[in-house]
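Colleague: Those sequence lines, one after another, are chains U and R. Heads up: the first sequence begins at 0 in numbering that gives the first Met the number 0, then just goes up one per residue. Heads up: the second sequence begins at 0 in numbering that gives the first Met the number 0, then just goes up one per residue. Think of the CB as a built atom: it goes at the ideal place given N, C-alpha and C, for glycine as much as any other residue. Nothing here was measured: the structure is a model prediction, and the numbers come from that model.
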Amino acid sequence: MKKYIAAILALGFFAFAQWWGLTQTPSDAMMGAVQKIMYAHVPAAWNSFIAFFVVFVSSLLFLIRKKIFWDRLAASAAEVGVALTGLTLCLGSIWGRPTWGVWWTWDARLTTTAILFFLYVGYLSFRKFIEDPEKRAKLAAPLGVLIFLNVPIVYMSVRWWRTLHQVQSSPSTMDPAMVLALRLNAFAFLGLLILFIYWRYKIAKRKGELEEGL
Amino acid sequence: MQKKLGLIIGIVIIGAALGYLAFGKLEKNIVYFVTPAELLAKGDAAFNKPVRLGGMVKKGSIEWNAQKTVLKFQMKDGMKEIPIISHETPPQMFQEEMGVVVEGKLASSGIFQADRLMVKHSNEYHPPKEGEKPHLIYKELVQ
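1. Mind listing the chain R neighbours of Tyr-122/U? Cutoff is C-beta to C-beta under 8 angstroms, in chain order.
2. Touch check for the stretch 55-63 of chain R and the stretch 104-114 of chain U: three-plus C-beta pairs under 8 angstroms?
3. Please confirm whether Leu-118/U and Ile-93/U have their CB atoms less than 9 angstroms apart.
4. For the pair the stretch 33-42 of chain R and the stretch 135-150 of chain U, tell me if three or more CB-CB distances fall below 8 angstroms.
5. What number of angstroms, rounded off, separates the C-alpha of Leu-90/U from the C-alpha of Pro-141/U?
6. Is the Cβ of Leu-163/U closer than 9 angstroms to any Cβ of chain R?
7. When the Cα atoms are used, what is the spatial distance from Glu-102/R to Arg-161/U?
8. Within a Cβ cutoff of 8 angstroms, which residues of the same chain sit near Glu-139/R, ignoring the five residues on either side of it in sequence?
9. Going along the chain, which residues of its own chain have a beta-carbon closer than 7 angstroms to the beta-carbon of Pro-35/R, five neighbours each way excluded?
10. Along chain R, in chain order, which residues have C-beta atoms closer than 7 angstroms to that of Val-166/U?
11. With C-beta atoms as the reference, is His-125/R less than 9 angstroms away from Ala-28/U?
12. Leaving aside the five residues before and after Leu-191/U along the sequence, list all residues of the same chain whose C-beta is less than 6 angstroms from its C-beta, in chain order.
13. Using the beta-carbon of each residue, which ones in chain U are nearer than 7 angstroms to Ala-16/R?
14. Determine the direct distance from the alpha carbon of Ile-83/R to that of Glu-62/R, and round the result to whole angstroms.
15. With a threshold of 7 angstroms on Cβ separation, who are the neighbours of Ile-129/U within its own chain once the five nearest residues in sequence on each side are excluded?
16. Does the structure place the stretch 74-84 of chain U close enough to the stretch 191-200 of chain U that three or more beta carbon pairs sit under 8 angstroms?
17. If you draw a straight line from the alpha carbon of Tyr-122/U to that of Ile-12/R, how long is it in whole angstroms?
18. Grouping DSSP H, G and I as helix and E and B as strand, with all else coil, what is Gly-59/R?
19. Using 10 angstroms around the beta-carbon of Thr-45/U, count the other beta-carbons present and answer buried if the total reaches 16, otherwise exposed.
20. How about Leu-4/R: is its C-beta nearer than 9 angstroms to some C-beta of chain U?
21. Using only the alpha-carbon positions, how far apart do Thr-84/U and Leu-70/R sit?
22. Just the chain U side, please: which residues come within less than 7 angstroms of Lys-41/R by C-beta, in chain order?
23. Drop a sphere of 10 angstroms on the beta-carbon of Arg-71/U, count the other beta-carbons inside from all chains shown, and report buried for 16 or more, exposed for fewer.
24. Between Ala-39/U and Gln-17/U, is the Cβ-Cβ spacing less than 9 angstroms?
25. Please work out which residues of its chain come closer than 6 angstroms, Cβ to Cβ, to Ala-180/U, disregarding the five sequence neighbours upstream and downstream, and give them in chain order.
26. Nearest-angstrom Cα distance between Val-141/R and Ser-171/U?
27. Give a yes or no on whether 9 angstroms exceeds the smallest Cβ distance from His-86/R to chain U.
28. What is the DSSP secondary structure of Asp-114/R, reduced to helix, strand or coil?
29. Please check the pair Val-118/R and Thr-98/U, which I expect to be a contact at CB under 8 angstroms, by giving their CB distance rounded to whole angstroms.
30. Just checking my contact of Glu-157/U with Gln-165/U at CB under 8 angstroms: how many whole Å lie between their CB atoms?
31. Are the C-beta atoms of Gln-91/R and some chain U residue less than 9 angstroms apart?
32. Please list the terminal residues of the continuous beta strand (DSSP E) segment that includes Phe-72/R.
33. For Glu-210/U and chain R, any beta-carbon pair shorter than 9 angstroms?
34. Verify the CB distance criterion: does Ala-176/U have a CB-CB separation below 9 angstroms to chain R?
35. Are any of the Cβ atoms in chain U nearer than 9 angstroms to that of Met-55/R?
36. Using CA coordinates, which residue listed in Val-41/U, Phe-68/U and Gly-11/U is at the minimum distance from Ile-202/U?
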């Protein structure tokens with residue numbers, strides 16, 4: 000039971016935050032109830048950036064300290080980040096169809112986000128196929144630093160270029176009840192992010208110990 | 000052998016993604032749409048070339064024929080206007096004073112033939128208020 004306390008807290012808070020977003024907020028005047036996708040789409044996007052920042056910092060620290068811990072953490076965060084970016088893309092697509100009228104369009108925000116997804120998928124498959132753990136860590140670390148370059152590009156894309164995707168909302172452009180629900184869900188997703196990276200790290204550690212044992 | 004192949008696939012995916020970011024069609028997509036004033040400034044060179052055009056739907060200009068699925072409206076950007084004709088049912092949010100992006104060609108008659116119509120939403124989210132006209136908040140939508 001003790002083992003699962005963090006999981007129960009994180010999942011419980013996530014369920015609460017989602018429930019709050021779905022039932023305790025007003026629907027948007029223009030979009031109606033479909034706007035509630037925001038409470039999963041936006042937190043997923045924010046937290047994928049956090050995950051990739053963890054990959055970036057861990058990769059840098061591996062290059063400096065040469066401790067395998069940092070390599071495993073980078074791999075774990077990358078995997079969770081990819082899942083969140085995939086979720087962001089899927090939910091965005093589902094949101095786009097009834098509001099914009101299209102599932103997909105090649106504007107700068109959507110395109111750079113798709114590239115973000117494939118950069119980290121590439122990073123993970125790159126890792127998968129180097130058998131020697133030390134060599135893998137050494138080669139993956141510079142990659143983990145390099146591909147982070149795209150994260151600020153994705154974030155700024157809506158400000159730098161004309162896009163179909165709107166610019167970031169702020170508390171001044173949103174109803175306070177919506178802001179609250181969005182913040183709740185941002186923290187709920189952060190809880191899941193930490194939990195998943197932790198779990199994934201434990202698996203990476205076990206795997207590493209097995210590799211060393213062989 | 001399989002490992003090597005996978006490694007190459009990983010490198011290829013990252014290389015392709017980075018390459019696309021640096022040299023790819025993104026450059027074209029950075030100018031995702033042109034405004035009516037920009038398109039008309041090209042003069043004759045603007046005619047019959049596929050382009051994305053973005054602007055606002057002019058108030059009172061929408062003509063919608065549901066039987067024939069013909070939609071006509073004026074797109075404006077504050078300086079110029081272009082008449083748009085589309086043969087598809089527009090998205091639900093399509094309305095006066097709304098941001099729109101259309102894909103198609105400007106015919107030499109001066110009418111823009113749209114193959115695809117997309118609605119551009121602002122970053123504002125509010126519940127409906129009594130007597131409020133939500134579409135008025137779309138003024139600043141098109142840069």
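Modeller: Reading from the atomic positions:
1. As a position in the first sequence, residue 122/U is number 123, starting the count at 1. Those are Gly-9 and Ile-13, listed as they occur along chain R.
2. no
3. One-based indexing of the first sequence puts residue 118/U at position 119. One-based indexing of the first sequence puts residue 93/U at position 94. Taking 9 angstroms as the Cβ cut-off, Leu-118/U and Ile-93/U do not qualify as a contacting pair.
4. no
5. The residue given as residue 90/U occupies position 91 in the first sequence. The residue given as residue 141/U occupies position 142 in the first sequence. Their Cα atoms are separated by approximately 31 angstroms.
6. Working through the first sequence from its first residue, we reach residue 163/U at position 164. With 9 angstroms as the cut-off, Leu-163/U counts as an interface residue toward chain R.
7. In the second sequence, residue 102/R corresponds to position 103, counting from 1. In the first sequence, residue 161/U corresponds to position 162, counting from 1. Taking the straight line joining both Cα atoms gives about 15 angstroms.
8. Residue numbering aside, residue 139/R sits at position 140 when the second sequence is read from its first letter. The predicted model places Glu-139/R with a pLDDT of 37, which falls under 50 and marks its position as unreliable; any figure quoted below should be read in that light. The answer, listed in chain order, is Ser-121.
9. As a working note, residue 35/R is residue 36 in the second sequence. Closer than 7 angstroms at Cβ, skipping near neighbours: Leu-52, Gly-54, Met-74, Lys-75, Asp-76, Lys-79, Glu-80 and Ile-81.
10. As a working mapping, residue 166/U is identified with position 167 in the first sequence. Under the 7 angstroms cutoff, chain R gives Asn-122.
11. Translated into the one-based positions of the second sequence, residue 125/R becomes position 126. Translated into the one-based positions of the first sequence, residue 28/U becomes position 29. With respect to Ala-28/U, His-125/R sits close: the two C-beta atoms are nearer than 9 angstroms.
12. Here residue 191/U refers to the residue found at position 192 when the first sequence is read from its first residue. If we look at Leu-191/U and ignore the five residues flanking it on each side, its Cβ neighbours are Ala-9 and Phe-13.
13. Along the second sequence, one-based indexing puts residue 16/R at 17. Those within 7 angstroms of Ala-16/R in chain U are Ile-114, Phe-117, Leu-118 and Gly-121.
14. Against the second sequence, residue 62/R aligns to sequence position 63. Against the second sequence, residue 83/R aligns to sequence position 84. About 10 angstroms.
15. For the purposes of this step, residue 129/U is taken as the residue at position 130 of the first sequence. Excluding positions up to five away in sequence, the list reads Arg-135 and Leu-138.
16. The answer is yes - the stretch 74-84 of chain U touches the stretch 191-200 of chain U, with three or more Cβ pairs under 8 angstroms.
17. Position 123 of the first sequence, counting from 1, holds the residue named residue 122/U. Position 13 of the second sequence, counting from 1, holds the residue named residue 12/R. Each residue's alpha carbon lies about 9 angstroms from the other.
18. Start at 1 with the first residue of the second sequence, and residue 59/R comes out as number 60. Of the three classes helix, strand and coil, the one that applies to Gly-59/R here is coil, per DSSP.
19. For this step, residue 45/U is matched to residue 46 along the first sequence. The residue asked about is misnamed: residue 45/U is Trp in this sequence, not Thr. By the neighbour-count rule (16 or more Cβ atoms within 10 Å), Trp-45/U is buried.
20. Numbered from its first residue, the second sequence carries residue 4/R at position 5. Interface residue, yes.
21. Start at 1 with the first residue of the first sequence, and residue 84/U comes out as number 85. Start at 1 with the first residue of the second sequence, and residue 70/R comes out as number 71. If I take the Cα positions, the gap works out to 36 angstroms.
22. The count along the second sequence starts at 1 and reaches residue 41/R at position 42. Correct list: empty, because the minimum Cβ distance to chain U is about 17 angstroms.
23. Within the first sequence, numbered from 1, the residue matching residue 71/U stands at position 72. Classification for Arg-71/U: buried.
24. Taking the first residue of the first sequence as position 1, residue 39/U is located at position 40. Taking the first residue of the first sequence as position 1, residue 17/U is located at position 18. Yes, Cβ-Cβ distance for Ala-39/U and Gln-17/U is below 9 angstroms.
25. The count along the first sequence starts at 1 and reaches residue 180/U at position 181. Trp-19, Gly-20, Thr-24 and Tyr-38.
26. Within the second sequence, numbered from 1, the residue matching residue 141/R stands at position 142. Within the first sequence, numbered from 1, the residue matching residue 171/U stands at position 172. With a pLDDT of 38 at Val-141/R, under the threshold of 50, the modelled position of this residue cannot be trusted; read the value that follows with caution. Going by the C-alpha atoms only, they are around 19 angstroms apart.
27. The residue you call residue 86/R lines up with position 87 of the second sequence. Cβ-Cβ to chain U under 9 angstroms: no for His-86/R.
28. As a first step, residue 114/R is located in the second sequence; it is residue number 115 there, counting from the start. Correct three-state label for Asp-114/R: strand.
29. Sequence index remark: in the second sequence, residue 118/R carries index 119 (1-based). Sequence index remark: in the first sequence, residue 98/U carries index 99 (1-based). Going by Cβ atoms, the distance from Val-118/R to Thr-98/U rounds to 7 angstroms, so yes, they are a contact pair.
30. As a first step, residue 157/U must be located in the first sequence, where it is residue number 158. As a first step, residue 165/U must be located in the first sequence, where it is residue number 166. Correcting the residue type first, residue 157/U is Val in the shown sequence and not Glu. Sure, about 7 angstroms apart at Cβ, within 8 angstroms.
31. Working through the second sequence from its first residue, we reach residue 91/R at position 92. Answer yes: the Cβ-Cβ gap between Gln-91/R and chain U drops below 9 angstroms somewhere.
32. For this step, residue 72/R is matched to residue 73 along the second sequence. Note, Phe-72/R: beta strand (DSSP E), 69-75.
33. Taking the first residue of the first sequence as position 1, residue 210/U is located at position 211. Residue-level contact by beta carbon fails for Glu-210/U and chain R, as no gap is shorter than 9 angstroms.
34. As a working mapping, residue 176/U is identified with position 177 in the first sequence. So, interface residue.
35. Here residue 55/R is taken as the residue at index 56 of the second sequence, counted from 1. Not an interface residue.
36. Numbered from its first residue, the first sequence carries residue 202/U at position 203. Of the listed residues, the one whose Cα sits closest to Ile-202/U is Phe-68/U.
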